[in-house]
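Input: a single structure, listed below in structure tokens.
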Amino acid sequence: MSIRPPAALLVAAILLGPVSAGAQGIANREGAPVIPPLAGEASAAARRASATRAERPPVLDGRPDDPVWREAQEITQFRQFDPAEDGEPLFPTMAKVAYDARNLYVFVRAFDPSPDSIVSLLSRRDVRTESEQIKIMIDSYHDRRTGYEFAVNPAGVKRDYYMHGDYNEDESWDAVWDVATTTDSLGWTAEFRIPLSQIRFADKEAHTFGFAVWRDIARAAQRVSWPLYRRSQPGVVSQLGELHGIVGIGTGRRLEIAPYVVTKNVTRQSATEYSHPQEFAAGVDLKAGLTPNLTLDATINPDFGQVEADPAQFNLSSTESFFDERRPFFLEGTGIFRFDLSCNDGNCSGLFYSRRIGRAPRLRDEGLDPASPDVTTILGATKLTGRLQRGLSVGVLNAITQRELQHHPVSGAAETIEPLSNYFVGRLQQDYREGKSSVGMMATAVNRRLDEWTEHSYNRGGYAVGVDARHRFESGWQLAGYVVGSQVQGTEEAIAELQTCDGAFGCVHNYTRPDDDLAFDPTRTRLQGASMQVGLEDQSGAWRGSVYLTRTTPGFEINDVGFNGRDDFQGFSTWWQRRWEKPTTWYRRVFVNFNHWTNGTTTGLLTDLGGNVNGHVEFANRWWLHAGTTVNNWTPVYCDRNCTRGGPALKESRGEIYSWVGVETDFRKPLAFFANAEYGRADEGRSQSL
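Per the working numbering: the sequence shown = residues 465 to 1154.
Set out below in structure tokens:
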């Protein structure tokens, strides 16, 4: 649905998948022929597998020599799903599953008559390459909405993801697990050991997990799965098979404690000299499994010194930059706390933006005191996450951040640059109809202890409550929507600053624009508003599409603990796609997208009107052709934010056209490239670009 092709779209296109070939007969490790896959879609029985209890844990060496692997049930009914849906696999695949009180074990044999042709590339963890791959998926709650992915290539490079919303992947999730791979005369193998402490499941004696195994055959660009995954149907987790026979794993209690001690040399400036005293810090992280499906995380004075730094950005827009969360404490249970308000090509923001907790002090003056803290200290935080047996997801988080000071280099006087603050987030979501429908709510609150230095710049309190719901019809269409209300409180000076484009979060509010119906009120001590959306979408079949209506009032404010780029907005957008995914002699797949958007303010000022058509063809040789055209502002529109930053709306030129075409070669090859040509016309034809 992207308008322009560059990197993100092209990477996604590369990974879409793979060419079919006829199946070849391969013998299993004992020399007996492998059971061929079932023709057509697997029956209900073929979507069920059983796990075998391991009396002794298997040795993790990638070999099927352990006693449990001789006893475990073989899963052999793999089918091709890409590029041909429900096609014959090029090579057979076999999987077995075992477990004990602590771990889930999976052994997968990927048969290949030419082991020397297996593609195996080294990379960093969680980086996908054009390699062979084996991936297992586990829906441990069996809610058909959430799950975990564990993948490995023949070189042993691991990838893991948390799945939510039936098909969304959270790549920032990292678990502690092990896998061993080997390559031999029959192909290659992967032997997984997944600690049960890393996944969540219901508190009961016998369990049924959602389960699937996917395999990528890189050189043939083919993907196979058990059970059959259908790209023509919506969702991923809801299409997993069932793993039975798991009994007696819910009696243990998980407890992890990780203390730390840090000493560091800091620089302090006085009126006459610099000093370099040593500072000492200590803290502890704790994770406790209250029940098999409820986990308590706690941290005191956490240390995020090993977290990857944010990329440098030079932001000249009126909108605050959005950064992904990388801190481990806040990544656990991310999917439960999601309440998305705005999404653009998969990047979503909403009611909870965890980067607000422990952010850089807003009143910090780098030139005044070099020793002033770069980030706000988190004194402590607790988080309870889990899912109850009847399909209720629960998430509660509370965090307290320290009052931070800055010292004047001459007088030595201390001034507050970040007040003592308390953050609270609560989320409930109830699933119905085996995960096809849900109703949820979310509440957030921030309370600050202000003083003479901070009361004119910070809100004393910020609160929001939202309700969301979705319903998937049997036809594949899904109806979804939300309603959110917010209120912030503070001094007249703090709320007045919030109403202008000079606020701490950019030009979110624009009450000072002189040519609208919004009145700037310098005597306000609170600001309140609402946001709402309703959408209808279908992600299945040859024709797919979505229609969304969104409206946000001028006083909507959630940036104390959430993320919102602008208010005073109403928009209407549509997207339609035609897909051809049955391979022919000259192409593997074809996508054509049609987009339309109309955006404006709540008082009717039109700010954006445009449309786009783009197409993408993957040829039989794995080359891609991308092309598209965007036409924007074919009627007068106005810039009410970036152009004048609080001044009157500026009329923009009409007739902006942007076209592009790109060719992408086969990235499985040692040498590959992407070439792109662009043409643009703007200013009613007076300016052009190539």
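Yeah, the Cβ is synthetic: ideal placement off N, Cα and C, and Gly gets one too.
Nearest-angstrom Cα separation, counted from residue j out to residue i
i, j, result
"Asn911", "Gly1035", "32 angstroms"
"Ser689", "Val643", "19 angstroms"
"Pro834", "His740", "12 angstroms"
"Pro883", "Asp915", "8 angstroms"
"Glu784", "Gly970", "6 angstroms"
"Ala430", "Leu524", "No answer is possible for residue 430: it lies beyond the span of the chain, which begins at 465 and ends at 1154."
"Val711", "Arg534", "20 angstroms"
"Thr1049", "Leu660", "46 angstroms"
"Glu1001", "Phe542", "30 angstroms"
"Ile602", "Arg608", "10 angstroms"
"Leu843", "Pro1134", "50 angstroms"
"Asp530", "Ala933", "48 angstroms"
"Arg623", "Ala824", "31 angstroms"
"Val903", "Asn729", "51 angstroms"
"Asp1112", "Asp979", "For the sequence presented, residue 1112 should be read as Pro rather than Asp. Taking the straight line from one Cα to the other gives about 6 angstroms."
"Gln686", "Gly899", "30 angstroms"
"Asp767", "Lys560", "40 angstroms"
"Asp1147", "Thr1108", "18 angstroms"
"Trp940", "Ser995", "Before going further, note that residue 940 is Gly rather than Trp in the sequence given. About 27 angstroms."
"Arg1015", "Ala928", "16 angstroms"
"Glu938", "Ala508", "19 angstroms"
"Glu1142", "Leu1114", "27 angstroms"
"Pro470", "Asp634", "Note that Pro470 scores a pLDDT of 38, beneath 50, so its modelled location is shaky; the value from the coordinates is reported in the next line. Roughly 22 angstroms between the two C-alpha positions."
"Gln1165", "Thr908", "Outside the displayed range of the chain (465 to 1154) lies residue 1165, so it cannot be described from this structure."
"Pro698", "Glu655", "30 angstroms"
"Glu613", "Val621", "14 angstroms"
For residue j and residue i, believed in contact at Cβ under 8 angstroms, the rounded distance
i, j, result
"Thr841", "Thr865", "7 angstroms"
"Arg1086", "Arg1053", "With 8 angstroms as the limit, Arg1086 and Arg1053 do not qualify as a contact, their Cβ atoms being about 11 angstroms apart."
"Thr1065", "Phe1020", "Not quite, the Cβ-Cβ distance comes to about 13 angstroms (not below 8 angstroms), so this is no contact."
"Leu795", "Ser636", "5 angstroms"
"Asp981", "Thr1067", "5 angstroms"
"Asn439", "Arg851", "Examination of residue 439 is not possible in this model, given that the chain is present from 465 through 1154 alone."
"Asp550", "Leu704", "Actually they are not in contact, since the Cβ atoms of Asp550 and Leu704 sit about 16 angstroms apart, beyond 8 angstroms."
"Ala1006", "Arg1042", "6 angstroms"
"Met906", "Leu815", "5 angstroms"
C-beta atoms of residue i and residue j nearer than 8 angstroms
i, j, result
"Asp630", "Val700", "yes"
"Val972", "Arg1030", "yes"
"Ala944", "Leu707", "no"
"Gly954", "Tyr922", "yes"
"Leu1057", "Val1077", "According to the sequence as given, residue 1057 is Asn; it is not Leu. Yes, they are a contact pair."
"Arg924", "Gly1110", "no"
"His628", "Phe673", "no"
"Gly1075", "Trp1039", "no"
"Asp1165", "Phe803", "Outside the modelled stretch of the chain, which goes from 465 to 1154, sits residue 1165, for which no answer is possible."
"Gly859", "Arg826", "no"
"Ile713", "Ala565", "yes"
"Gly651", "Asp580", "no"
"Gln997", "Leu1013", "yes"
"Asp1130", "Ala1139", "no"
"Ala562", "Ala515", "yes"
"Glu596", "Ser584", "yes"
Exposed unless 16 or more other CB atoms sit within 10 angstroms - verdict on residue i
i, result
"Val572", "buried"
"Ala574", "buried"
"Thr1099", "exposed"
"Glu956", "exposed"
"Cys807", "exposed"
"Cys965", "buried"
"Pro528", "buried"
"Leu719", "exposed"
"Val591", "exposed"
"Thr849", "buried"
"Leu568", "buried"
"Ser649", "exposed"
"Arg936", "buried"
"Leu754", "exposed"
"Asp680", "buried"
"Thr763", "buried"
"Ala878", "exposed"
Beta carbon proximity, residue i to chain C, threshold 8 angstroms
i, result
"Ser595", "The structure shown has no chain C; it contains just one protein chain."
Any non-hydrogen atom of the ligand HEM within 7 angstroms of residue i CB
i, result
"Ser661", "By its list of ligands, the structure shown contains no ligand whatsoever, and the ligand HEM lies outside what it can speak to."
Ranges of the beta strand (DSSP E) found wholly within the region 737-820, counting only runs of at least 3: 742-755, 758-764, 804-808, 811-814
Entirely enclosed beta strand (DSSP E) segments - the region 1079-1142, minimum 3 residues: 1088-1096, 1120-1128
Extract the residue ranges of the beta strand (DSSP E) inside the region 1006-1038, only unbroken runs of 3 or more that lie entirely within it. 1007-1016
Inside the region 930-969 only - beta strand (DSSP E) runs reaching at least 3 residues: Unbroken beta strand (DSSP E) runs of no fewer than 3 residues, entirely contained in the region 930-969, are found at 941-953, following chain order.
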